[in-house]
Amino acid sequence: MMLRLETVDPGLVAMVDGASDATRRAVAAAAVALTREWTGLNDERVLALPAAVAEGRVGDCSERRAVNSLVEELDGVQWDVQDGVDAGDATAEEHLEAFSRARAAASVAFAADDDARSAALEGLYEAAMAIDDLGMLRDAVGRVVL
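Numbering (the numbering used here), first residue to last: 861 to 1006.
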């Protein structure tokens, strides 16, 4: 089965696959920090989940459920903005901002996956969609992995 990240950057997949689980968690955390900074996403639910992961609470924890709820909310917002673009009531830039915030929240949610590899790979994919700058993402991962 092809991973979503392989379609975007197979090199990032290789970096994650060569890392320990602890490093994979650190990669996911780096993706979260980068997307939060880049998008300005500061919802309290997004702030609570990385702390929970650092304390070892992953999988179906209350903090992750809260972020998943936020992802659903933000996805709804970005679709509403897209409808606004289609109707001429919103700009493509406004849609990109809403889309990026939703993908940033998804990156945070994936960081709490039970499996450290999935946390890193899926979190990186969502981060790539959020920031649309693979060079910046590779640099962030490289600082953790190397």
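Think of the CB as a built atom: it goes at the ideal place given N, C-alpha and C, for glycine as much as any other residue.
Residue range 922-947 is occupied by the alpha helix (DSSP H) that includes Ala926. Assigned with DSSP and collapsed to three states, Leu865 falls in helix. Contact annotation, Ala1000 with Ser960: C-beta distance approximately 16 Å; criterion of less than 8 Å not satisfied. Within the same chain, Cβ atoms closer than 6 Å to the Cβ of Gln938 are found at Ala958, Phe959, Ala962, the five residues on either side in sequence being excluded. Here the C-alpha atom of Ser978 lies approximately 20 Å from the C-alpha atom of Ser929. The continuous stretches of alpha helix (DSSP H) do not include Val918, and DSSP gives it neither H nor E. Cβ contact annotation for Val968 (same chain, cutoff 6 Å, sequence separation greater than five): Val892, Val906, Leu909, Val927, in chain order. Non-local beta-carbon contacts of Tyr985 in its own chain, meaning distances under 7 Å to residues more than five positions away in sequence, involve Arg864, Leu865, Val868 in chain order. In the structure shown, the three-state DSSP call for Thr883 is helix. Assignment of Gly878 by DSSP, reduced to helix, strand and coil, places it in the coil class.
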